[in-house]
Amino acid sequence: MLVQDGFRQIGDVPASDDGLREPMELKPFEIIENVVAGAKLGTKVLDKGPAAWALLRAVQPLLFHREHRLNRAARFGYQKVGSGRWTPGELAAYRQDCIATVSFFQRVLDARDGREPLVWLGWPVPVEVASGFDDVAPFVPEAFMAIANMVGTDGHVACLEAVEREGIADDICAMDRVSLGAYLLKQIPEPAAIISVAHPCDAGRTASQLMEYLTGAPAYTINTAYTKEDDDVMAYSKNLFEAIAFLEDTLHRKYNWDKFRRGVRVLDEQNRYLDEITIMNQAVPSAGLAFNLQTAWGSKITGSGNPALLESARLTHKVGRFRLRHPGIRRRVEKFRIIVADMPIVFSEMYMWIERTFGGVVVGDYIGDAIFPPIDMSSLETMMMGVARDRLYMGMIKQAHGAARETVDDLERQIAHFSPDCVIQNGHQGCKHNRALGRIVRDVCRRHDLPLLVMEADIFDKRVMSETDVKRELTAFFREQGFAS
Amino acid sequence: MSVFSELRRLAEAPHNDYLAAAARAGRPVVGAFCTYVPEELVHAAGAVPYRMRAVGSSGTALGDTYFSSANCSFVRRVMDQGLRGAFDFLAGIVFMNGCDHNRRLFDNWRHANPATGFSHMLFVPHAGSPACLAQYRLELDKLARVLRERLGVEVTDDRLRASIALYDRRRRLLRELAGLRRAPEPPVTGTEFLALMLAVTAVPPEDAVELIERALEEARAGRAPAGTPKLRIFVTGSCLEELSHLELVESHGAVVVADAVCLGARTFDRDVGDAGDPMDALARRYLARVSCPRMMDDVKGRMAYTIDAVRAYAADAVILEKLEFCSMMSGENYIAGHELAKAGIPSLALTRELYGGEVGQLKTRIQAFYEKVGNRS
Amino acid sequence: MIYAGVDVGSLTAKAVLLRDGRVAAWHVEPVSATPGESARRVLEAALEKAQARRDDLTRVCATGYGRHEMTFADLERSEISCHGLGTFTSNPVVRSVIDIGGQDCKVVVLDDAGLVDDFAMNDKCAAGTGRTLELLARTLGVSLGELGPRALRARRALPVSNKCSIFMELDVMQWMHQGRRAEDIARGITASVARRVAALAGKVTLRPGVCISGGVSKNAAVVRELELALGVRFVPLAHDPQIMGALGAACFARLEHERAREHDRRVLRASDPVSSVDAAATPDCAGCTGGAP
């Protein structure tokens, strides 16, 4: 709280009489409402096939190069649909993500209006824990960071500054602070219950605890598995059953296990497509679908089990198959290959920009890497184990949980399979465990004779490193390494 | 010579004569990084448990080759010390997933591979539910197996019971000494108590018991090193091992009378006891004693502990200590600040780097806080 | 009776002399080799202005980063308390103080007696301090004194990070490379520093009657941006805002003296029912209630 009640009336508030950049003021739920409107528009526009493709190409000069006053509301949505570089096939696939986005966020708005209770799920908690109820709206506060740019990149800053004003220290990861800020700025509805997580990182568990404290909502804590070994995953899945029981007790509703089974089948089928798309990126030239996989990652956190996402994966897979059959198309684009750890969300266009500017193609990245073990459908217990394991294999969770081996093995595998020419790490400031891995990752890259760029950026806070700074640093690196002149 | 002078000497060096004597007697020394690593288990395996520390650290230059500037100064300094050979007397180290920094300390330590024997990670759950207790119990079994493989000593129930009895005794003596600090003229300052805690976690427990008994004897004899304090302070936090920092806190006539820190109440709160299966009892005690902010489901318990202790020790104010980049203490201190304010207890949140200097700023904050508390009384 | 307050900060040393409850003289000068030496020099200069001698001083209170080095002082108080009481003495309606000095920034909330009720202080990051303004002015190629007037002539504020002074400098350099107007960059700098300070102010609950003190309060552009960011208009101070710490220290010197006299009086009363101490001879500082609510 900045001032005590009634204080603002005492001081004269000088008018902002010019173009002074003040902290962005957000109307309650403005961001989610924009997302729903944007996704609905996407559902309509992307239905137009080549016409949509031509339209998005035509507006590229207005939206591609930098954010400014006139394009800031539209630019993020434009980036989400491939910044004018996606083909009609990719656009058709993303239309399905728009459908899933509308269904998820519309329910959040409905819950705000009192139509059903809303449950907050810590980011690594499988959304199935709440989406298996017929009349409970699931919400993942951390998912908010992925959409806060919907009002321009100042959306993140507005949330972060709200947290700073509240007196919460800024050494907590910006992703979690954005979700806390979103709550403080009334961008997300009050929860009826919270399912918190203890792992994979301190910031997540601290944010969970702060959310519990600020909202006063009843909470259950999931002790996320530390390793991917069966014992650990079993214990984790037992936690998920307990969480569902907790929600049944707290919300006085029955969980719909048939819905759960249907969702898990969809998830497993979607995973098969995602696995193959990931592998398609290993080809030389690659299928060029890293950004699509990253988008699928975001959609899956909130919409796992949604048939629209299965359709999206199927259509993307079709694009990949076509490209592998016609390698000449991508060969013209692909001059060198890159592995990226955590793209800065404040610059969602990074992959497209690198490709367009330097001919560098991101073939693998930490977030989008989507290799999931198959789910055993023989019983509810095995299915829950499958869901638990699925989350442990999701990008970011995969690298953040447990020992460094989880990250290093992954990087080694990607280097072995994706034939990269260089590795780029975002150097996400708030990510304490990742920031402690600099030497180990450097040694891996050195062993493989791969140039490594570690940016001192932050995935969600553009005040640490803006789009311009990222571009400058990437340009210098590519030039230094001889990838660009 | 007062035992407190000897304790201070022991507290100011990473190694000491007691450890050298233990080594001569063929007892290995095993480091442990956290109060969730049961020292009894290490002791029952025939080793001397040693709490890891950055005492004597000269900087972070070598540590910084592994950690970034966004990592906490404790792990950077300990890593630095490890790479300089300060812990080469160890036969092994039990790490623990206390926080992201500590968990990566394990990874970096293994990568650097200094001559400190084996490295084992004890995975401690983040809650105290029955499922978590069962999981922790399994982790203790794993640790016992690792100790047997590495040290060649089987942790039998009898050995474990004997170690538990010894450590329960150490805890009781520490609680007794801590309890004397309730007096209007505390016989031990906060700095002296921290020195004692550093000392008794760096020597064999048999020697530790003797040292604490001598300290108790002196304390009971009526010493009052700081007289009647102008302010009585309660300290919370996690890693706090710098005597110089507590001296700063105890400037301007204040005395620390109680705490909830690792090298304090978390070490000596609650006994294990001798009932039932000793390993079960061990697991229960470690998940039930006053918790660390890493434990998710006990915020209310920690707040209640602090408020009760503030009243029991007649503390005037609370200092909430945090090492920079500790996300968990950031959240905890936000909640504690609000809860203490509701209870009418003034608090000050201090962020510092371990042995990090910035004394001028810290002095100003502390002095201003004491002046503020003084204004209210 | 003359009370002296001496405030040795990171950049300047200040001394204030109080005589009969009023500021008799004050002096400011850049710090010299040691804090103790700076304190002695600035006090001598103030004494000269007041045509007084060291022996005339009843009590001396030290404050500021150099307070522990002033061996001649009778007492010391934190600069937070001193800035609080100083501004309160300068304008009795003050209940909240934003003090932006060379290397730190403080927000102090006062009770109705001018004593500290709550405070917040920047951590080691210099982003919301005078040092940052100095650094960025240099980067921009203007003097510190010129930065504020330039910012006031701006057409708009170019976005400058408020995260840390290094990031701020990078942003400033980026705008300069793009050939943007120095005025607009200056405005971006002052707005950024103001937002940083406003975030610090968010850690406490401000009470109405907010004033600004410290060297940066002379930068009209920062003051204006801060008013915008906090949604307040600062109340004026009767004295130079730079000397608030020293003024507060002088008030504490007086308070301490009165307390000591009161204590002596009580002791005398206890031992002798007929006291010979003149109870009416206490001077009165404008606005200061002597610590009583």
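Residue numbers (this note's numbering), protein chains in the order written: chain A, 1 to 485; chain B, 486 to 862; chain C, 863 to 1155. Ideal placement from N, C-alpha and C gives every residue a C-beta, glycine not left out. Since the model is a prediction, treat every value here as computed from it, not as a measurement.
- Of Ala510(B), Ala576(B), Cys519(B), Glu497(B), the smallest CA-CA separation from Pro778(B) is found for Cys519(B).
- Contact between the stretch 409 to 418 of chain A and the stretch 292 to 307 of chain A is not established, with fewer than three Cβ pairs separated by less than 8 Å.
- In this structure, the alpha-carbon of Ala225(A) lies about 9 Å from that of Asp231(A).
- The residue among Val441(A), Ile440(A), Met465(A), Arg435(A) with its C-alpha nearest the C-alpha of His586(B) is Arg435(A).
- Around the CB of Gly216(A), fewer than 16 other CB atoms lie within 10 Å, so the residue is classed as exposed.
- Boundaries of the alpha helix (DSSP H) around Leu659(B): 642 to 665.
- Non-local beta-carbon contacts of Arg538(B) in its own chain, meaning distances under 6 Å to residues more than five positions away in sequence, involve Glu726 in chain order.
- Among the residues of the stretch 540 to 563 of chain B, those with a Cβ less than 7 Å away from any Cβ of chain A are Thr550, Tyr551, Phe552, Ser553, Ala555, Asn556, in the order of the chain.
- Assigned with DSSP and collapsed to three states, Asp585(B) falls in helix.
- Burial check for Leu1117(C): the Cβ neighbour count within 10 Å reaches 16 or more, so the residue is buried.
- Within the stretch 606 to 621 of chain B, contact with chain A at the beta-carbon level (separation under 9 Å) is assigned to Met606, Phe608, Pro610, His611, Ala612, Ser614, Ala616, Cys617, Ala619, Gln620.
- Look at the stretch 562 to 578 of chain B: it has no residue with a C-beta under 9 Å from a C-beta of chain A.
- Taking CB atoms only, Gly845(B) has a neighbour in chain C less than 8 Å away.
- When the beta-carbon positions are compared, Gly946(C) and Val959(C) come within less than 8 Å of each other.
- The stretch 784 to 831 of chain B is shown to contain whole beta strand (DSSP E) runs of 3 or more residues at 802 to 808, in chain order.
- The Cβ-Cβ distance between Gly263(A) and Ser131(A) falls below 8 Å.
- Between Thr316(A) and Asn292(A), the C-beta gap is smaller than 8 Å, which places the two residues in contact.
- Look at Ser812(B): its C-beta is under 8 Å from a C-beta on chain A.
- Interface flag for Ile440(A) against chain B is set, since a Cβ pair is found closer than 8 Å.
- Proximity of the stretch 174 to 181 of chain A to the stretch 159 to 166 of chain A meets the contact definition, three or more beta-carbon pairs being nearer than 8 Å.
- Using beta-carbon distances, Leu1032(C) counts as an interface residue toward chain A, with a partner under 8 Å.
- Separation of the CB atoms of Gly1050(C) and Pro1070(C) is rounded to 30 Å, and the pair is thereby denied contact status at 8 Å.
- Per DSSP, the unbroken alpha helix (DSSP H) holding Leu625(B) starts and ends at 615 to 636.
- A direct Cα-Cα distance of roughly 27 Å separates Leu437(A) from Asp275(A).
- With contacts defined by Cβ atoms closer than 8 Å, Pro344(A) and Pro285(A) do not form a contacting pair.
- In this structure the stretch 139 to 159 of chain A lies against the stretch 449 to 463 of chain A, because at least three pairs of beta carbons, one per stretch, are closer than 8 Å.
- Bounds of the beta strand (DSSP E) holding Val1072(C) are 1072 to 1075.
- DSSP links Pro138(A) through a beta bridge to Val119(A).
- Cβ atoms of Asp653(B) and Asp744(B) stay farther apart than 8 Å, at about 21 Å.
- From the beta-carbon of Asn860(B), the residues of chain C found nearer than 9 Å are Ser943, Asp973, Ala975, Leu977, Val978, Asp979, Gly1153.
- The C-beta of Arg177(A) comes no closer than 8 Å to any C-beta of chain C.
- Per DSSP, Val1094(C) is not a residue of any beta strand (DSSP E), being assigned neither H nor E.
- Proximity of chain A to Gln1036(C) at the Cβ level (cut-off 9 Å) is accounted for by Ser466, Thr468, Asp469, Arg472, in chain order.
- Around Tyr226(A), the beta-carbon contacts reaching into chain B at under 7 Å are Asn582, Phe608.
- DSSP places Ala875(C) within a strand segment (E or B) once states are collapsed to three.
- Interface annotation, Tyr213(A): in contact with chain B, CB-CB separation under 8 Å.
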